[in-house]
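Residue numbers (this note's numbering), protein chains in the order written: chain W, 424 to 631; chain H, 11 to 406.
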């Protein structure tokens, strides 16, 4: 009954706490991998499925906050849920500012952790599908000819066919043909969708 | 010095020196031939003056030139036959004597000048050296002041550090207890929650539940072991029992706490009995206890307004074998019914603080074979007293 479509990673140096959290997560049918240090986590191969990281703040060696920074520097985008023995406000502020999903103080309510995991995984899933969508869109955009790209830039800028024709020095009819090609290649149903696509294309896809 | 010798101006360039030589000899010649002065027969002193002057102002070479010109002029204009360069043979000794005296005067003048100059140089150098010495002296004085200031700052920092150390040890201890115990407790709670989920399944996962409960038992044992270890630590730290003068210990702590106490506008006075016998104890632990009592007293007076905040520390002897220390404040005091409860762990009247200070203090004193107790004052505030048994050696 394990759901291998998503993985929860745990990094905690305390074996009892690590096992306890792992057991709790597994009782709700989620797949779970536990590590005893930040280094061990960094060295492991992460599966290419949505997931999140449950991270102890106080770790020997690489601390939780340092691991968070290290992951950001390596471009590894995984939502993080912090757990800590002592709820230190400045520390939690720092963690949340750096993009943590939740900051839980031990002992925490099981439902709080499970809710945070669900929320974090959902966030990861959305980010992943967005990244995939942009990559696909970029691939489609690559098939456009240079002229079609010019026409597309003009179209999404709101120019009329007549204006585009004048600007590019081609006939209105040719502009119309290009437009048709663009819509077909990018699989855009409407002008509005084309505009949305051009906005997404402007966003560089993050490295994974 | 240059101002006391107006003739000692700087040496002119060579061309001016030679000019002076020619000019002075010419003047000597003109003056010597001037009829109203009747010097035609004895112009020697004039030429010697010219030589001396040239050698002084122009140096050795212009001096030589002046000598040569003087000899020529003397020969040509004054020695018979005049207006001829070749003198009579009987005049030659006069010419030679003149030449010799001119050379003598010239070299004397040059030497004099050199001596005067080197004297002046030495004096200038001495003056410069004096100036430099003065500057070095000044710099040294600044450095000494800075050094003294740094030493004072260091002293202060050390005193503060010592204070922080004493205060921190208890705080740190508490933080470390909290962390050490919280770890297994967190695991127990999480395991318990997981277990409830396992048992509420249809059918309940009993095997897995058993495994989880076994882990919970292990964590519970671990938590109690942490507590046991800390208790042992509190009891056993301080195998160091050295004879010490309690008054000295009190004074050390008062010095440590003084800045804190002053900041709270508390007047701290001590009345320490002389001739107390030494007690056997751990200096650092007893310092902790005294510091704790002082800081408690200070905190108890936080609310005192409109009358002086006074903290009095006394030492004395009670029973033949006990030294007594009392810390008396005029703060908020406590309910007489709480006289014993205030030593319970986690009993506190302060908004911040763990309520462990007095409890740990009592453990330390009892560990030393003494007693620590509190009594409310007749007026305001409370007095905390502890006794320590006397050691074998005595101190002054």
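Backbone N, C-alpha and C fix where the C-beta goes; we use that ideal spot for every residue, glycine too.
Given the structure is predicted, the values throughout are model-derived calculations rather than measurements.
Are any of the Cβ atoms in chain H nearer than 7 Å to that of residue i?
i: residue 446(W); result: yes
i: residue 569(W); result: no
i: residue 508(W); result: yes
i: residue 528(W); result: no
i: residue 514(W); result: no
i: residue 439(W); result: yes
i: residue 425(W); result: Reliability of the predicted coordinates at residue 425(W) is poor, the pLDDT of 48 falling under 50, and no value is obtained from them.
i: residue 576(W); result: no
i: residue 535(W); result: no
i: residue 443(W); result: yes
i: residue 555(W); result: no
i: residue 450(W); result: yes
Check residue i in the structure and name its three-state DSSP category.
i: residue 339(H); result: strand
i: residue 116(H); result: helix
i: residue 386(H); result: strand
i: residue 248(H); result: Any reading at residue 248(H) needs caution, since the residue's pLDDT is 48, under 50, leaving its predicted position unreliable; the model's value is listed next. Looking at residue 248(H) - three-state DSSP - the assignment turns out to be coil, as it is neither helix nor strand.
i: residue 585(W); result: helix
i: residue 314(H); result: coil
i: residue 479(W); result: strand
i: residue 60(H); result: helix
i: residue 398(H); result: strand
i: residue 75(H); result: helix
i: residue 529(W); result: coil
i: residue 319(H); result: strand
i: residue 274(H); result: coil
i: residue 503(W); result: strand
i: residue 418(W); result: The structure shown does not extend to residue 418(W), since chain W spans only 424 to 631, so no value can be given for it.
i: residue 429(W); result: strand
i: residue 573(W); result: helix
i: residue 81(H); result: helix
i: residue 53(H); result: coil
i: residue 597(W); result: helix
Does the distance between the C-beta of residue i and the nearest non-hydrogen atom of the ligand GTP fall short of 6 Å?
i: residue 340(H); result: In terms of ligand content, the structure shown is empty, and the ligand GTP therefore cannot be addressed.
State buried or exposed for residue i, treating a residue as buried only when at least 16 other CB atoms are found within 10 Å of its CB.
i: residue 534(W); result: exposed
i: residue 123(H); result: buried
i: residue 391(H); result: buried
i: residue 600(W); result: exposed
i: residue 313(H); result: exposed
i: residue 382(H); result: buried
i: residue 331(H); result: exposed
i: residue 368(H); result: buried
i: residue 85(H); result: buried
i: residue 378(H); result: buried
i: residue 217(H); result: exposed
i: residue 249(H); result: Confidence in residue 249(H) is poor, its pLDDT being 48 and thus under 50, which makes the residue's placement unreliable; the coordinate value appears in the next sentence. When all chains shown are included, residue 249(H) counts as exposed.
i: residue 11(H); result: Bear in mind that the predicted position of residue 11(H) carries a pLDDT of just 42, short of 50, making it unreliable; the figure below should be weighed with that in mind. Classification for residue 11(H): exposed.
i: residue 72(H); result: buried
i: residue 44(H); result: exposed
Could you check which residue in the options has the C-alpha nearest to that of residue i?
i: residue 298(H); options: 317(H), 267(H), 319(H), 212(H); result: 267(H)
i: residue 571(W); options: 556(W), 559(W), 587(W); result: 587(W)
i: residue 207(H); options: 467(W), 601(W), 444(W), 482(W); result: 444(W)
i: residue 23(H); options: 56(H), 36(H), 55(H), 64(H); result: 64(H)
i: residue 278(H); options: 310(H), 323(H), 380(H), 187(H); result: 323(H)
i: residue 375(W); options: 463(W), 461(W), 577(W); result: A query on residue 375(W) cannot be resolved here, the shown segment of chain W reaching from 424 to 631 and no further.
i: residue 35(H); options: 21(H), 76(H), 93(H); result: 76(H)
i: residue 478(W); options: 466(W), 436(W), 532(W); result: 436(W)
i: residue 260(H); options: 304(H), 129(H), 40(H), 110(H); result: 304(H)
i: residue 300(H); options: 262(H), 137(H), 276(H); result: 262(H)
i: residue 226(H); options: 218(H), 201(H), 346(H); result: 201(H)
i: residue 439(W); options: 453(W), 428(W), 458(W), 541(W); result: 458(W)
i: residue 81(H); options: 101(H), 67(H), 66(H), 68(H); result: 101(H)
i: residue 119(H); options: 68(H), 137(H), 321(H); result: 68(H)
i: residue 37(H); options: 385(H), 55(H), 51(H), 21(H); result: 55(H)
i: residue 491(W); options: 520(W), 469(W), 470(W); result: 520(W)
Compare the C-beta of residue i with all C-beta atoms of chain W and state if any pair is closer than 7 Å.
i: residue 203(H); result: yes
i: residue 391(H); result: no
**OP:** Residues of the stretch 224–241 of chain H with a CB closer than 9 Å to any CB of chain W: list them in chain order, please.
**Re:** 225, 226, 228, 229, 232
Subject >> Contact residues within the stretch 205–221 of chain H, judged by C-beta distance below 9 Å to chain W >> reply: 205, 206, 207, 208, 211, 215, 218, 221
**OP:** Closer than 9 Å, Cβ to Cβ, to anything on chain W: give me those residues from the stretch 181–201 of chain H, in chain order.
**Re:** 185, 188, 189, 192, 193, 194, 195, 196, 197, 198, 199, 200, 201
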